[in-house]
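Student: Counting from 1, one number per residue, gives the positions in the sequence shown under UniProt numbering. A virtual CB, placed ideally from N, CA and C, is assigned to each residue, including glycine. Before I ask anything, here is the structure I am working with.
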Amino acid sequence: MVGDSTQPATQAGSGIEPPVEPRIRRALGLLERFAPAIGARWATELWCTPPDVDASLRMPPGVPPSEPVEAYWSGHRVAGEAWGQGPTVYLVHGWGGCRAHLGVFVKPLVQAGHRVIAFDLPAHNDSDTGALAPGRTHLVECTEAVTAFVRTHGPARAVVAHSLGAKAAALALTRGADIERLVFLAPMGDFDYYLDLFAERHGFGPRIRDGLHRRLAKRIEMPLHETDLGVIGSTLAAATPLLVIHDPDDPDAPYRYSQELLGVWPGMELVTTRGLGRLAHYRILRHRAAINAGVEFIGAAR
Numbered sequence: 001m002v003g004d005s006t007q008p009a010t011q012a013g014s015g016i017e018p019p020v021e022p023r024i025r026r027a028l029g030l031l032e033r034f035a036p037a038i039g040a041r042w043a044t045e046l047w048c049t050p051p052d053v054d055a056s057l058r059m060p061p062g063v064p065p066s067e068p069v070e071a072y073w074s075g076h077r078v079a080g081e082a083w084g085q086g087p088t089v090y091l092v093h094g095w096g097g098c099r100a101h102l103g104v105f106v107k108p109l110v111q112a113g114h115r116v117i118a119f120d121l122p123a124h125n126d127s128d129t130g131a132l133a134p135g136r137t138h139l140v141e142c143t144e145a146v147t148a149f150v151r152t153h154g155p156a157r158a159v160v161a162h163s164l165g166a167k168a169a170a171l172a173l174t175r176g177a178d179i180e181r182l183v184f185l186a187p188m189g190d191f192d193y194y195l196d197l198f199a200e201r202h203g204f205g206p207r208i209r210d211g212l213h214r215r216l217a218k219r220i221e222m223p224l225h226e227t228d229l230g231v232i233g234s235t236l237a238a239a240t241p242l243l244v245i246h247d248p249d250d251p252d253a254p255y256r257y258s259q260e261l262l263g264v265w266p267g268m269e270l271v272t273t274r275g276l277g278r279l280a281h282y283r284i285l286r287h288r289a290a291i292n293a294g295v296e297f298i299g300a301a302r
């Protein structure tokens, strides 16, 4: 679900995700012409399968020892770990990621007097798959995981979230999760953008794309556009402080969506990093200025 639509489909995005196999593109191209309904079913399963991102599952150096924690939603286990004592800050990774991706936030937040909890989203690493086939999940299940952790381990002083994790945290807020403030790093843009990009990357056209759209809306049981951060921000019952940290070089989550969010999310702040290059979507998670901005926005424990 990532990429830059100005580039060839086989080269879209940062290149972290493995390229789509040519045989899959050829098959979906044929199904677009002759059997789009079958193609849409297949595309839906591909969409709901997190990629194997080439990244370490280990916490970065300097992170202190943790204690294991967990939460459950509809009988499905979500695995995590915790550090420190105090008001709780939750770390939520992105699509295909892992809890270690936000590990650089652990030490400074613990030093600021917080309890920090990081967990793996459904069908990622140590957490269970949800209601779908093994190894598959979707945004609303990820939202359920965020909600379950906040419900189980206490109100969130803040949630720090990356990419798809930002959408999951925002949706959890609309569904009653007790979250005081939010820090989003390179949050996902609008759903339509990713549908277009997914179609381009996988070699199919509007017939399968339209079927994919309908099937995804049915699967998550809500209109896709209602998951867009701009829609969520414009319909919040009460303003929730939000800091967005984003780099214009990011090919996986367009910076323009964060700029547009400024006008619709009450009280939002935008911090722009510079020069992180083609891997900006992931480099921002280790960028000292981004980390400092997020920790300062959350503040010391009261």
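Note the first and the last residue of the continuous beta strand (DSSP E) segment covering histidine 281.
Tutor: Premise fails: histidine 281 lies in the alpha helix (DSSP H), 280-283, not in any beta strand (DSSP E).
Student: Using a Cβ-Cβ cut-off of 8 Å (strictly less than) and excluding sequence neighbours within five positions of alanine 217, which residues of its own chain qualify?
Tutor: Pro223, Leu224
Student: Just the C-alpha distance for leucine 132 and arginine 256, rounded to the nearest angstrom, thanks.
Tutor: Rounded to whole angstroms, leucine 132 to arginine 256 spans 33 Å at the Cα level.
Student: Is the segment 43-51 touching the segment 133-141 in the sense that three or more CB pairs, one from each, lie closer than 8 Å?
Tutor: Verdict: yes, contact present.
Student: Helix, strand or coil for isoleucine 245? Go by DSSP, reduced to three states.
Tutor: strand
Student: Going straight from the alpha carbon of alanine 71 to that of alanine 253, what length do you get?
Tutor: Their backbone Cα atoms lie some 29 Å apart in a straight line.
Student: Which residue from Leu31, Ala156, Gly267 puts its Cα closest to that of methionine 234?
Tutor: Residue identity differs from the one stated: residue 234 is serine in this sequence, not methionine. Selected option, being the one with the closest Cα: Gly267.
Student: To the nearest angstrom, how far is the alpha carbon of valine 116 from that of valine 89?
Tutor: 5 Å
Student: Sorted by chain position, which residues of the same chain lie with C-beta nearer than 7 Å to valine 69's C-beta, five sequence neighbours on each side aside?
Tutor: Gly80, Glu81, Ala82, Ile117, His153
Student: Check whether the Cβ atoms of arginine 181 and isoleucine 291 sit closer than 9 Å, and answer yes or no.
Tutor: no
Student: Quick test of the definition: if touching needs 3 or more C-beta pairs under 8 Å, does the segment 199-215 touch the segment 142-161?
Tutor: no
Student: Buried or exposed for aspartate 192, please, with buried defined as at least 16 other CB atoms from any protein chain shown within 10 angstroms of its CB.
Tutor: exposed
Student: How many angstroms separate the CA atom of alanine 100 from the CA atom of glutamate 221?
Tutor: 30 Å
Student: Look up arginine 288 in the DSSP assignment and say whether it is helix, strand or coil.
Tutor: helix
Student: Can you give me the start and stop residues for the beta strand (DSSP E) that leucine 91 sits inside?
Tutor: 88-92
Student: Going by DSSP in three states, phenylalanine 204 sits in which element: helix, strand or coil?
Tutor: Correct three-state label for phenylalanine 204: coil.
Student: Out of Asp228, Leu102, Cys142, which one is the CA nearest neighbour of proline 61?
Tutor: Leu102
Student: Evaluate alanine 238 with the Cβ neighbour count: other Cβ atoms within 10 Å of its Cβ, from every protein chain shown; 16 or more gives buried, anything less gives exposed.
Tutor: Counting of Cβ neighbours within 10 angstroms places alanine 238 among the exposed residues, the total staying below 16.
Student: Can you list, in chain order, the residues of its chain with a C-beta nearer than 8 Å to that of valine 295? Leave out the 5 residues immediately preceding and following it.
Tutor: Phe105, Pro108, Leu109, Ala112
Student: With DSSP collapsed to three states, give me the class of proline 65.
Tutor: Three-state result, proline 65: coil.
Student: According to DSSP, leucine 182 sits in a beta bridge with which residue or residues?
Tutor: Val159, Leu242
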